[in-house]
Structures are given as structure tokens and as C-alpha cells.
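Trainee: Here it is: the structure, laid out below.
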């Protein structure tokens, strides 16, 4: 039996090695393909005089860039927006149409305004003491799905596409990167763009008659080439709990009377995985986690909790893929509005339609930043930051993991984990938090159980609760169920154990199933 087990483990290890090699080779091929694709694009910087004129206000507040500072060239990884949100000022000049005639009336999902932006080139040859020339692409749209909004090279060719339930517009930019001391330190992109804008009809009350007609021409829509588009993208120099949002503003430089003019567009996005995060919001965190640990029902349950030195590694593995299931609070005996509210998050007709059961509503934990330090003996602690995002049943569950927009369905958090208790206690800030943390009024507690049973099958459990004196919602419980085969990937040790709590009951059932002597 031992020999068979050994052979089995060797086969698994060999298979993992082959899989890892194949996966790495595929990634190398993807990188090589992407490099070849990007290297074939020639980026032009022939509008520098226009850029300096339109970006005069940005340049006036720009500080000098240090020649030896290589962080400038990290903006291709750090100043990107992936699946961010966009919205437009209410006016008479919308930027794009949307054909919703084929959307079923009973569909609970609403179209999403999704935007992705990425820096495509940094030109070392065109720079001054205050700026470096850069190129970038913007892809924005209105859609029921988000697969289009991924990073890809536009090859310098702006496009517009439309079909039922989906519209997308791409804009190619060239401009400058600067840094400023405003707002505590900012990194700023100021760019001029070129696009093929969909033509609006003269009737402002019905600007998209060519879409609403009986025979819309999706393949040859009326387009207007426009190169008078200004995009200013601002990012914090250092990301913190209350200063973690990339903000963009895209405007038309044409007169309002021009058919190419559009009302101002705003872009909002959380920072990406590769961006540096600075912990230091202890004052705000203490509102939720002082004294530590918070005495909730789970910490009093007696379930064995992970307290090891590899907490950050385990947490990042657990949260890298998948999402949390929301546990209904059927024991709540207050009003429907209080019991059926999804914790600190906002609501919509999909969530309201679950009537407090939250069926198929998921919560994704994104952008996990974890720094663990070792104390004396076996004691250790960790600082953790993350974003919690609601994914409704109508959303694509995979794509929702990559959403980076900011709103009432997102809670940014920061907190502390200690090996003494195994509790990760965090403060949560809804939506766009200000410097004072006025929206930071939630407490989030998370645990990684090591004890499993017929009732406890979660690899991570937690809750959201209000720290207000007059809370507006009942504590919200969340969990991530685990498959037995996943435990080895997370812990790689013998820490995990299973509690056979129903053995006696099963024995009684088995005893009752035995035929009696009189029946033989």
C-alpha cells in the first residue's frame, strides 16, 4: 500500500511539473506574440506643440522629473485602467449610441459602461525636465458583457463598432506624462486623441435615429473622424486606503455647435495589482478594530483557526480565484429593510429581488496587499488591504473578478491580522472615500479555519458589520466553500483536520438497519 501511495504521489508531482512547464511555455509564447505585435506599431509624436498648448495647466503645476528615476518607465504597468467605470455629464451630446431592442424585458441585468486604458509606449527621445512623451489607447463601451474591454493593441487605428446590446469606441492618444505635488502628489497623463465618432442626428431629442430605425446599418455606421479629444488621467503618487482611485476626464475641444462635440466623460478605476500600496491608516482602522481582536461570534466558536507564519501566502492563494458566497441571515428579526440589506453595499433590483436570501450574489476580494512581519518567538502579524466588490447573479462571474470601477458596490479596506488570535480585522470604506474616511464605517472580520466538519466546509469565513451607533443593516456573513482537493494547494501541511461529529449518529442508523434475528 505504501509503494502504491508513493507511486501515486510521484505521478502527481510529475504531472504538475509537466503542466507547469506547458503553462509557462504557453505564457512565453503569449508574451512573445504580444511583443511582436507591439513592436510592429510605429508611434508618432508629431503633435507635441498641440499637446503643450492644451496641457498648459498640467505643465504649469508639474515638478521636475529626476533623470535617474526609473519609476517613470513603470507607468506601463501602473497607470492602466482595466474594466473601469465611465459616465458622461448629462447634456445634449452623448458620445455613443446603444441598441437595447433585443434585450428581453424581464432581464434583470443592466448594460455596463466599461472603460479600459493602457499606456502603449514611452518615448525616451521626446522628454524635457518636466515631461516624457507617451502614447496610449482607450477602449470604452456600453455592453452586457466585458470581454471586449481587455488590453489589446489598437495598432494606431481608432475604431467604432456596434451591434445589438453592444457598442464600443476606441481612441488612440499621444501626449505627456508629468508629476505634481498637488493633492498629496499626483502622476498625470495629458493626452490628445483621435477617434472615429458615431454621427448624431440633428434632433437632440433623438440623436441616434440611424440606430433605432428598422434596418440599422451596423457594418457601415456614419462616422466622423475627430482628433480634438483631450484626456487627462490623474493617479495618486502613493495609493492608500482613502486615496486609491485613478480618475480620468475626457472632453471635446470642439465648439458645442460642432457635430463632433460630446459632453464630458469621466473615468473611475481602482489601482491595479502591480501598484505599490502604502499602509498607514491606523487611525481609521482603529475605529473598527480597537480593541483587537473584535469579539464576534466566530472567534468565540472554538473552531481551530490558521495562525501560521505563511498567512499572507495562504490568503493570497485563497482569494486569487473564486469568490465569497453570501450567507442569508434568517435569524434577523428586525424590519425587512434592515434584514435584507446587503451589508454596507448599495442595492439594485437584482439584489432586492432576492428578498434577503442573496441567492447567487457573490462578493469578490480584489487587489489583496499583505505584508507580514515576524515577532518574537512564534508571534507574527500582518497588514492587509483589499477591495470587496459585489457581483450580482446577472454578471459574468469571471469578468467581475477583473472589474476595477468604484461605486456603492465596492468597499475598500485595510486592517491587521495577528497570530495570537488568527483574526483579520479591517475597516471598510464604501465607494469614493475621502481623506477623513467619512464613509469608513464598516468592520470586516475574516478567518481561515483549519477545522472542517459536515457543517463547516469553508476555507475562509467572515462578516461585515456596522461600527455606527445606529446601524442600518444586520451583520452580513460570507464564506468561501472549499473542495477537498484544494486543501493541499493552500496549506501543504498536516494542519488541516476533519472532525467526524456524526459517527455516533451514523452508527445508530446502521444498527437500526441490521435485520433482527426474528426476521431471519
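Numbering (my numbering), first residue to last: -11 to 508.
Yeah, the Cβ is synthetic: ideal placement off N, Cα and C, and Gly gets one too.
Taking the beta carbon of residue 59 as the centre, do at least 16 other beta carbons fall within 10 Å, making it buried, or is it exposed?
Mentor: Exposed, because fewer than 16 other Cβ atoms sit within 10 Å of the Cβ of residue 59.
Trainee: Tell me which residues share the same chain as residue 466 and place their Cβ nearer than 8 Å to its Cβ, disregarding the 5 neighbours each side in the sequence.
Mentor: Answer for residue 466: 312, 313, 314, 315, 351, 449, 450, 451, 452, listed in chain order.
Trainee: Excluding the 5 residues flanking residue 470 on each side, which residues of the same chain have their C-beta closer than 7 Å to its C-beta?
Mentor: Same-chain partners within the cutoff: 445, 446, 447.
Trainee: In terms of residue numbering, what span does the beta strand (DSSP E) encompassing residue 169 cover?
Mentor: Taken as a continuous stretch (DSSP letters only), residue 169 belongs to no beta strand (DSSP E), as it is neither H nor E.
Trainee: Sorted by chain position, which residues of the same chain lie with C-beta nearer than 6 Å to residue 220's C-beta, five sequence neighbours on each side aside?
Mentor: Closer than 6 Å at the Cβ level, and outside the excluded window around residue 220, lie 178, 237.
Trainee: Can you name the start and end residues of the alpha helix (DSSP H) that residue 400 belongs to?
Mentor: Element bounds for residue 400: not the alpha helix (DSSP H) but the beta strand (DSSP E), 398 to 406.
Trainee: Would you mind sorting residue 95 into buried or exposed? The rule is 16 or more other CB atoms within 10 Å of its CB.
Mentor: Exposed, since its Cβ has fewer than 16 Cβ neighbours within 10 Å.
Trainee: So the candidates are 285, 328, 127, 369; which of them puts its Cα closest to the Cα of residue 300?
Mentor: Nearest of 285, 328, 127, 369 to residue 300, Cα basis: 369.
Trainee: Among 105, 151, 334, which residue has its Cα nearest to the Cα of residue 158?
Mentor: Ranking the options by Cα distance to residue 158, first place goes to 105.
Trainee: Can residue 107 and residue 124 be called in contact, C-beta distance under 7 Å?
Mentor: In this structure, residue 124 lies closer than 7 Å to residue 107 by Cβ.
Trainee: So, at 8 Å on beta carbons, what are the nonlocal neighbours of residue 424 in its own chain, with the 5 sequence-adjacent residues on each side left out?
Mentor: Counting only Cβ-Cβ distances below 8 Å, and skipping sequence neighbours, we find 230.
Trainee: Sorted by chain position, which residues of the same chain lie with C-beta nearer than 8 Å to residue 427's C-beta, five sequence neighbours on each side aside?
Mentor: So the list reads 417, 418, 419, 420, 421, once near-sequence residues are dropped.
Trainee: Mapping DSSP to helix, strand and coil, what is residue 468?
Mentor: Three-state result, residue 468: strand.
Trainee: Apply the 10 Å Cβ neighbour rule to residue 279 and answer buried if 16 or more other Cβ atoms are within range, or exposed otherwise.
Mentor: Exposed, by the Cβ-count rule.
Trainee: Less than 7 Å between the beta carbons of residue 251 and residue 439, yes or no?
Mentor: Not closer than 7 Å, so no.
Trainee: Can you grab the Cα-Cα spacing for the pair residue 339 / residue 283, in whole Å?
Mentor: So the alpha carbons of these two residues sit roughly 29 Å apart.
Trainee: Would you report the Cα separation of residue 12 and residue 204, rounded to the nearest angstrom?
Mentor: Only weak support is given to the placement of residue 12: the predicted model assigns it a pLDDT of 35, under 50, and the value that follows is read from those uncertain coordinates. For residue 12 and residue 204, the distance between alpha carbons rounds to 45 Å.
Trainee: My output table needs one value for residue 2: the three-state DSSP class, helix, strand or coil.
Mentor: Because the pLDDT of residue 2 is 38, which lies under 50, any placement of that residue in the model is unreliable, and the number read from its coordinates should be weighed accordingly. Helix at residue 2.
Trainee: State the start and end residues of the unbroken beta strand (DSSP E) segment that holds residue 223.
Mentor: It spans 211 to 224 - the beta strand (DSSP E) in which residue 223 sits, taken as one unbroken run.
Trainee: Could you pull the start and end residues of the beta strand (DSSP E) that residue 278 belongs to?
Mentor: Segment: none, residue 278 is in no beta strand (DSSP E) and carries neither H nor E.
Trainee: So the beta strand (DSSP E) residue 237 belongs to, where does it begin and stop?
Mentor: Taken as a continuous stretch (DSSP letters only), the beta strand (DSSP E) holding residue 237 covers 233 to 240.
Trainee: Any idea which residues DSSP pairs residue 458 with across the strands?
Mentor: Paired residues: none, contrary to the question.
Trainee: Is residue 272 near the ligand SAM - that is, is its Cβ less than 6 Å away from at least one heavy atom of it?
Mentor: Of ligands this structure carries none, so the ligand SAM is not represented either.
Trainee: With residue 313 as the anchor, note down where its beta strand (DSSP E) starts and where it stops.
Mentor: Here the beta strand (DSSP E) through residue 313 covers 312 to 315.
Trainee: Which residues in the same chain as residue 262 place their Cβ atom closer than 7 Å to its Cβ, once the five residues preceding and following it in sequence are excluded?
Mentor: The answer, listed in chain order, is 65, 66.
Trainee: Report back the beta-carbon spacing between residue 241 and residue 218 to the nearest angstrom; my notes put them in contact at under 8 Å.
Mentor: Rounded, the Cβ-Cβ distance is 6 Å, consistent with contact.
Trainee: Quick check: the Cα distance between residue 61 and residue 216, rounded to an integer number of angstroms?
Mentor: Looking at the two C-alpha atoms, the distance is approximately 27 Å.
Trainee: State the start and end residues of the unbroken beta strand (DSSP E) segment that holds residue 120.
Mentor: It spans 120 to 131 - the beta strand (DSSP E) in which residue 120 sits, taken as one unbroken run.
Trainee: Is it right to say residue 74 is buried, meaning 16 or more other beta carbons lie within 10 angstroms of its own, or is it exposed?
Mentor: Buried, by the Cβ-count rule.
Trainee: My assumption, with CB atoms under 8 Å, is that residue 401 sits in contact with residue 379. Please give the rounded CB distance.
Mentor: So it is not a contact: roughly 17 Å between Cβ atoms.
Trainee: Sort 460, 433, 256 by Cα distance to residue 398 and report the nearest one.
Mentor: Taking only the C-alpha atoms, the option nearest residue 398 is 256.
Trainee: What's the gap between the Cα of residue 189 and the Cα of residue 244?
Mentor: Cα to Cα, the separation comes out at about 14 Å.
Trainee: From the DSSP secondary-structure annotation, give me the bridge partner or partners of residue 181.
Mentor: 161, 217.
Trainee: Taking DSSP as the reference, what is the three-state secondary structure of residue 93?
Mentor: Residue 93 falls in the coil class under three-state DSSP.
Trainee: Hey, how far is the Cα of residue 115 from the Cα of residue 100?
Mentor: One C-alpha to the other measures close to 38 Å.
Trainee: With a CB to CB cut of under 7 Å and the five nearest residues on each side skipped, what residues in its chain are close to residue 327?
Mentor: The residues are 317, 320, 344, 462.
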